[in-house]
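Notes follow once the structure below has been shown.
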Amino acid sequence: MVLKVFFPSCCSLADSGILIGRWLSEQSSAVVLAVVHFPFIPVQVKQYLGEVQHMTKVSVSVLGSWSNSKQEKEEGLSEFLEDLGTIFSHEPWIQISKEGDSKFWSCSTLQKHSSSPKEEEVILVYYDQRKVMLSHLHPPLDTADGRAEDASKLSAIFDTVARSRVLFMTDRYDEGPIKLTHWQSEGVEASIIVELLKQASVPACMLLTFLLSLVSGICRSRVLKFWPLSFLRSKLSTCEQLGHRLQHLQVISSNKKAQTQTQLMRKANIFVSLLIDVALGILLMTWLYRKNRIGHLADTLIPVADHVAEELQDLLQWLMGAPAGLKMNRALDQVLGRFFLYHIHLWISYIHLMSPFIEMILWYVGLSACLGLTVALCILSDIIALLTFHIYCFYVYGARLYCLKIYGLSSLWRLFRGKKWNVLRQRVDSCSYDLDQLFIGTLLFTILLFLLPTTALYYLVFTLLRLLVVIVQGLIHLLVDLIDSLPLYSLILRLCRSYRLAAGVKFRVLEQQDGKPLRLLMQINPLSYGAVVQTYRLPTYSCYPKDSWASLCKKLFLGKLIYPWKHKGEKQD
Amino acid sequence: MAEERRFRSACGAPIALRRRQHSASCRELAVRGPRLQLRSLSAATSAVWLAAYGLFALSENSVVLSAAIFISLIGLIIYLHFIKIDQESLLVIGSLGIQVTSSYASGKESTTFIEMGQVKDVVINEAIHMQKVIYYLCILLQDPEDPQGVSEVVPLFQSSKPRLDCLIEVYKSCQEILEQRKTAPQSS
Numbered sequence: 001m002v003l004k005v006f007f008p009s010c011c012s013l014a015d016s017g018i019l020i021g022r023w024l025s026e027q028s029s030a031v032v033l034a035v036v037h038f039p040f041i042p043v044q045v046k047q048y049l050g051e052v053q054h055m056t057k058v059s060v061s062v063l064g065s066w067s068n069s070k071q072e073k074e075e076g077l078s079e080f081l082e083d084l085g086t087i088f089s090h091e092p093w094i095q096i097s098k099e100g101d102s103k104f105w106s107c108s109t110l111q112k113h114s115s116s117p118k119e120e121e122v123i124l125v126y127y128d129q130r131k132v133m134l135s136h137l138h139p140p141l142d143t144a145d146g147r148a149e150d151a152s153k154l155s156a157i158f159d160t161v162a163r164s165r166v167l168f169m170t171d172r173y174d175e176g177p178i179k180l181t182h183w184q185s186e187g188v189e190a191s192i193i194v195e196l197l198k199q200a201s202v203p204a205c206m207l208l209t210f211l212l213s214l215v216s217g218i219c220r221s222r223v224l225k226f227w228p229l230s231f232l233r234s235k236l237s238t239c240e241q242l243g244h245r246l247q248h249l250q251v252i253s254s255n256k257k258a259q260t261q262t263q264l265m266r267k268a269n270i271f272v273s274l275l276i277d278v279a280l281g282i283l284l285m286t287w288l289y290r291k292n293r294i295g296h297l298a299d300t301l302i303p304v305a306d307h308v309a310e311e312l313q314d315l316l317q318w319l320m321g322a323p324a325g326l327k328m329n330r331a332l333d334q335v336l337g338r339f340f341l342y343h344i345h346l347w348i349s350y351i352h353l354m355s356p357f358i359e360m361i362l363w364y365v366g367l368s369a370c371l372g373l374t375v376a377l378c379i380l381s382d383i384i385a386l387l388t389f390h391i392y393c394f395y396v397y398g399a400r401l402y403c404l405k406i407y408g409l410s411s412l413w414r415l416f417r418g419k420k421w422n423v424l425r426q427r428v429d430s431c432s433y434d435l436d437q438l439f440i441g442t443l444l445f446t447i448l449l450f451l452l453p454t455t456a457l458y459y460l461v462f463t464l465l466r467l468l469v470v471i472v473q474g475l476i477h478l479l480v481d482l483i484d485s486l487p488l489y490s491l492i493l494r495l496c497r498s499y500r501l502a503a504g505v506k507f508r509v510l511e512q513q514d515g516k517p518l519r520l521l522m523q524i525n526p527l528s529y530g531a532v533v534q535t536y537r538l539p540t541y542s543c544y545p546k547d548s549w550a551s552l553c554k555k556l557f558l559g560k561l562i563y564p565w566k567h568k569g570e571k572q573d
Numbered sequence: 001m002a003e004e005r006r007f008r009s010a011c012g013a014p015i016a017l018r019r020r021q022h023s024a025s026c027r028e029l030a031v032r033g034p035r036l037q038l039r040s041l042s043a044a045t046s047a048v049w050l051a052a053y054g055l056f057a058l059s060e061n062s063v064v065l066s067a068a069i070f071i072s073l074i075g076l077i078i079y080l081h082f083i084k085i086d087q088e089s090l091l092v093i094g095s096l097g098i099q100v101t102s103s104y105a106s107g108k109e110s111t112t113f114i115e116m117g118q119v120k121d122v123v124i125n126e127a128i129h130m131q132k133v134i135y136y137l138c139i140l141l142q143d144p145e146d147p148q149g150v151s152e153v154v155p156l157f158q159s160s161k162p163r164l165d166c167l168i169e170v171y172k173s174c175q176e177i178l179e180q181r182k183t184a185p186q187s188s
C-alpha cells in the first residue's frame with residue numbers, strides 16, 4: 001500500500017531530529033505530531049512518550065528521522081539516523097531529508113521484516129497543525145475510545161491531533177530534557193481576556209443560578225396556580241417566551257462544564273442569542289422612549305380600536321341588508337345582526353373606560369422590552385390578540401351556531417331517509433320512526449335548511465376575519481421563532497474562523513519533481529452555512545400546525561373551532 | 001505531464017478536457033466549459049435597460065431606472081457566483097480518495113472529498129434528461145452494512161455534461177488508478 005506521511009507545515013524549518021507521532025497501520029499512514037531535536041537520551045524520550053500516551057490515550061511513538069541539512073549531505077549523519085532506527089524499533093522506519101532550501105524532500109522507508117521488499121510510493125501531505133487541532137468534523141461521530149479504530153480515516157487523523165493537546169504544551173523555553181518542535185513550540189498561546197473571563201465566569205454563574213432559583217421559586221409558588229392567573233399564563237405568549245428564556249438562562253448558568261462539542265456550541269449559541277436579543281430590545285426601547293413615541297402610540301391606540309369597531313359595525317349593517325346581492329332571512333338576520341352590534345357597543349364602552357389608563361399601562365409594559373426583542377414582539381402579538389378579542393368572540397359564536405346547524409341538518413337528513421346514528425356501534429343504522437317523529441323532523445329539517453345561508457354567511461365573514469388576525473399573529477410568532485432558534489455563534493464562527501467547523505478536507509497538489517514523493521497540501525473544507533444552521537439550531541417551544549390543509553378545510557366546513565398555532569406544552573384538542 | 005483535448009458537451013457547446021498525471025497514483029482530470037461571452041452579457045443588460053427605459057417613459061418615475069441598474073448588478077453577481085461553472089475537475093489520489101471540485105466564474109470553488117474506503121466504483125450511467133438520453137459519469141459509494149450494495153450515487157460533471165467520448169477517456173484514467181488498490185496487498 002502507498003505510504004502516506006502527514007507532516008505539519010510548522011516543522012518544515014525545524015532542525016534535524018526524530019519524528020514522533022502516530023502510526024495508523026490499517027491505512028498505512030503516519031501522522032507526525034512533533035520533531036524531537038538532538039541531543040536526547042533515548043530512554044528519556046521513551047519515558048516521555050509513555051507519559052504522553054498515558055495522558056492522551058493516543059499511541060504516540062517514534063516514527064522515523066528528519067534531517068534538515070543546510071549544507072551538503074553529511075554522510076555520517078545518515079548512518080547515525082539509520083542506527084537510530086535500531087534503537088527505536090518502529091516498522092517501517094521513515095526517513096525524511098531536506099537539503100538546503102529545496103522544496104522537494106526525499107522520503108525513504110526502512111523495512112526490516114517486510115515480506116515484499118519493493119519500492120513503496122510515498123505521499124507527503126502537509127497539514128496546518130493548529131487548524132486541524134481546533135477543528136471539528138461534521139457529522140460528529142461517537143468516539144468512544146474503543147470505536148475510534150473503525151472511524152473513517154480522516155476522523156482518525158483529526159482525532160489524533162486533537163487529543164494530543166498535552167504534547168503541544170511544552171515549548172522550547174521549558175527546562176525539560178526533551179526539545180520539541182510543533183506549532184506551539186515558540187511559546188504557548190494564551191489570551192489574557194479569555195483567562196480573565198474564565199475567572200470571572202465562576203462567581204457570575206453562581207450569582208445567576210441563585211437569582212434564577214429565586215425567580216423560578218416565585219413562578220412555581222401556589223399563588224400563581226389559581227384559576228385566573230394560570231389561565232392567563234397559558235394564553236399569553238409573553239409568559240411562554242419568558243419561560244423559554246428562563247430555561248436558556250438556566251442552561252448557561254449551570255456549573256457543569258460542557259462535555260461534548262455539541263453542548264459547548266449550544267451553550268455559546270444560547271449566550272450570544274440572548275445577548276443580541278437583549279441588545280436589540282434595549283435599542284428598541286430607547287427608540288420608543290425617545291421623543292415620547294410610546295405616548296403617541298398609546299394616543300393612537302384608542303382611535304384605532306374605535307376605527308376597527310366602526311368598520312365592524314358597517315360590516316354588520318351590510319350583512320343585515322342584502323350582502324353581495326344574496327337574499328337573507330330577514331328575521332334571523334336582524335336577530336344576529338343586533339346581537340353582534342350590541343356586543344360591539346359593549347366592547348367600545350370597555351375601551352373608552354380603559355382609555356385614561358392605557359398610556360400608563362403601555363409605558364410600563366414598554367419597559368419590559370429591555371428583556372429582549374422577542375419579548376417585545378410577543379407583547380405586540382398579545383396586544384393584537386387583546387384588541388381583536390371581539391373578533392374572536394364573534395368567530396366563536398358564529399362557529400358554534402353553524403356547527404350546531406350542520407349537526408342538526410345531518411342528523412335530520414338521516415331521519416329523512418329513515419336512518420339513525422348508532423352511538424354504541426358508531427355507525428349508521430336503519431330505524432323505523434313514528435309518523436309524528438317524521439313530521440316534526442321534516443319540519444325542523446326544512447327550517448334549518450332554509451336558514452342555513454344566513455348562518456353560513458355570518459360564519460364565513462367572521463372566520464375570514466379571525467383567520468386574518470391569526471395570520472398576523474402567526475407571522476409575528478414566526479419572527480420570534482427565528483430569533484430564538486438561529487445559532488448566531490455558530491454562524492459568526494463559520495464566518496470568522498471557518499476552519500473550526502469542518503465538513504471535510506480538500507487536497508491541493510503542490511509542485512512536483514520526478515523521483516521525489518508526491519506533495520499534497522491538506523486544507524480544511526468548511527461547512528456550508530445551511531448545514532451550520534441545520535446542525536446547530538436551537539429547539540423552540542412552538543410546533544407548526546399539525547393539521548394538513550385537507551383536515552383544516554374539513555374542520556372549517558364542519559364549523560369546528562380551529563387553533564392553528566399550538567404550543568408544545570398544551571394538550572391537543 | 002499535461003495534455004488537453006477538445007470535445008463537445010451534450011448540448012453541442014465546445015469543452016476541453018485536460019489530463020495531468022502528478023505521480024503514479026495521482027491524476028487530475030479537468031473539464032472546462034465555455035467562458036461567459038461578452039455579447040450575451042451585453043444583450044441581457046441592454047434588454048433589461050431598454051425595458052426599464054420603456055417603463056420610465058410610461059410612469060415618469062426615476063426609481064425604475066435605479067432599480068433596473070440595481071437588479072442587473074445583483075443578477076450578474078448572483079449568476080457569476082452561484083450559477084456559472086467554469087471548470088469541473090476530478091482529482092484521483094490512489095489510496096487517499098477522490099476529490100471533486102467545481103470552480104465558478106467568480107473564482108469560488110466548491111470541493112467535495114470522498115475517501116477511498118467509501119468508493120465502490122466509478123461507472124458511466126445513462127439518464128433521461130429533459131427530452132434526451134445522456135451519458136454521465138458517477139461514483140458509486142459503498143454501503144457500510146452491505147458489501148455488495150450501493151448507498152449513494154454521486155454524479156460528476158453535471159454542468160458541462162460531456163459526451164461519451166470524453167467520458168470514456170475520464171473513465172479509463174480513473175479505472176487505472178482504482179485498479180491499483182485491488183492489486184495492492186492489504187497491509188496487516
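So the sequence lines, in the order shown, correspond to chains E and A. Just so you know, the UniProt record's numbering puts the end of the first sequence at 573, numbered straight through with nothing missing. Just so you know, the UniProt record's numbering puts the end of the second sequence at 188, numbered straight through with nothing missing. Each residue gets a CB set at the ideal place from its N, CA and C atoms; glycine is no exception. These numbers come from a predicted model, not from an experiment.
Among residues of its own chain, excluding the 5 on either side of residue i, which ones have a beta-carbon nearer than 7 Å to its beta-carbon?
| i | result |
| --- | --- |
| Met-116 of chain A | Ser-95, Leu-96, Gly-97 and Arg-181 |
| His-307 of chain E | none |
| Thr-455 of chain E | Leu-401, Tyr-402 and Lys-405 |
Near residue i, which residues of its chain fall below 6 Å by C-beta distance, leaving aside the five closest residues on each side in sequence?
| i | result |
| --- | --- |
| Ser-72 of chain A | Thr-45 and Val-48 |
If we cut at 9 Å on Cβ distances, does residue i have a partner in chain A?
| i | result |
| --- | --- |
| Gln-473 of chain E | no |
| Ala-148 of chain E | A caution first: Ala-148 of chain E carries a pLDDT of 43, below 50, which makes its placement in the model unreliable, though a value can still be read off. It does not; no Cβ of chain A falls within 9 Å. |
| Lys-327 of chain E | no |
| Gly-504 of chain E | yes |
| Gln-111 of chain E | no |
| Gln-313 of chain E | no |
| Phe-507 of chain E | yes |
| Pro-39 of chain E | no |
| Gln-534 of chain E | no |
| Val-125 of chain E | yes |
| Met-169 of chain E | no |
| Val-5 of chain E | no |
Quick one: is residue i buried, meaning 16 or more other Cβ sit within 10 Å of its Cβ, or exposed?
| i | result |
| --- | --- |
| His-390 of chain E | buried |
| Thr-181 of chain E | buried |
| His-22 of chain A | buried |
| Leu-468 of chain E | exposed |
| Asn-412 of chain E | Strictly speaking, residue 412 of chain E in this sequence is Leu, with Asn absent from that position. So Leu-412 of chain E ends up on the buried side. |
| Trp-287 of chain E | exposed |
| Ser-66 of chain A | exposed |
| Phe-6 of chain E | buried |
| Ala-57 of chain A | exposed |
| Leu-367 of chain E | exposed |
| Ile-193 of chain E | exposed |
| Asn-422 of chain E | exposed |
| Leu-478 of chain E | exposed |
Please report the Cβ distance between residue i and residue j, rounded to the nearest whole angstrom; I am assuming they are in contact, meaning their Cβ atoms lie under 8 Å.
| i | j | result |
| --- | --- | --- |
| Trp-178 of chain E | Phe-40 of chain E | It should be pointed out that residue 178 of chain E corresponds to Ile in this sequence rather than to Trp. The Cβ separation is near 6 Å, so the contact holds. |
| Val-31 of chain E | Ile-157 of chain E | 6 Å |
| Ser-67 of chain E | Leu-81 of chain E | 6 Å |
| Arg-39 of chain A | Leu-29 of chain A | In fact, because the Cβ distance is near 30 Å, the residues do not count as touching under 8 Å. |
| Val-122 of chain A | Tyr-171 of chain A | 7 Å |
| Leu-208 of chain E | Ser-253 of chain E | 4 Å |
Could you check whether the Cβ of residue i sits closer than 9 Å to any Cβ belonging to chain E?
| i | result |
| --- | --- |
| Glu-115 of chain A | yes |
| Gly-94 of chain A | yes |
| Leu-90 of chain A | no |
| Ala-24 of chain A | yes |
| Gln-99 of chain A | yes |
| Gln-158 of chain A | no |
Which residues in the same chain have their Cβ closer than 8 Å to the Cβ of residue i, if we skip the five residues on either side of it in sequence?
| i | result |
| --- | --- |
| Leu-448 of chain E | Lys-405, Gly-408, Leu-409 and Leu-412 |
| Asp-145 of chain E | Residue placement at Asp-145 of chain E is flagged as unreliable, the pLDDT there being 46, under the threshold of 50; the coordinate-derived value follows with that caveat. Closer than 8 Å at the Cβ level, and outside the excluded window around Asp-145 of chain E, lie Lys-57. |
| Pro-34 of chain A | Ala-13, Pro-14 and Ile-15 |
_Which complete beta strand (DSSP E) runs does the region 93-125 of chain A hold, if anything under 3 residues is left out?_
97-104 and 109-115
Discussion item. Going residue by residue through the region 373-431 of chain E, where are the continuous alpha helix (DSSP H) segments of at least 4 residues, counting only ones entirely within it?
Written reply: 373-387 and 389-417
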